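Colleague: Each residue of the sequence shown is one higher than the one before, counting from 10 in this note's numbering. The beta carbon of each residue, even a glycine, is placed where N, CA and C say it ideally should be. Owing to the predicted nature of the structure, the values given are computational and were not obtained by experimental measurement.
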Amino acid sequence: MSNKLTQIESYKTSFNEEQQHSSIKECLRQMLNEYFEHLDGHNPNDLYGIVIREIEPPLLEITLKYAGGNQTKAAKFLGMNRSTLRKKLKQYNISSIN
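1. Quick one: give me the first and last residue of the alpha helix (DSSP H) that Leu56 is part of.
2. Nearest to Tyr101 by CA position, among Pro53, Leu56, Glu65, Glu35, is which residue?
3. Does the Cβ-Cβ distance between Thr93 and Ala83 come in under 9 Å?
4. Which first and last residues belong to the alpha helix (DSSP H) in which Ser92 is found?
5. Taking the CB atoms as reference points, tell me whether Tyr44 and Leu56 lie closer together than 9 Å.
6. Go ahead and label Leu73 buried or exposed: buried means 16 or more other beta carbons lie within 10 angstroms of its beta carbon, across all protein chains shown.
7. Looking at Leu37: is its Cβ nearer than 9 Å to the Cβ of Val60?
8. Please confirm whether Gln80 and Leu98 have their CB atoms less than 9 Å apart.
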């Protein structure tokens with residue numbers, strides 16, 4: 010049991026070190042700054058929708074894969090209702106991943 014705890018602690022430490030260098034938040038900040046720099050004076054349109062459509066599909070796909078294709082587990086991991094997950098999978102044309 011202590012070996013597993015050591016592995017978990019090691020992973021958490023490694024993840025935290027990597028996270029300091031390039032967190033999702035920082036990556037998003039960088040991408041949004043680049044987006045605004047390239048607008049060339051034009052106003053953004055549906056920025057929230059653009060960001061969500063870019064982030065949600067990989068979030069759903071990877072979580073579903075981690076859950077072994079089990080939508081109930083994936084929904085729980087994501088903190089959403091299974092029917093909401095199913096709706097989003099359909100919206101993005103993501104099939105169950107086994």
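Modeller: So, from the listed chains and residues:
1. 56-75
2. Glu65
3. no
4. 91-100
5. yes
6. buried
7. yes
8. yes
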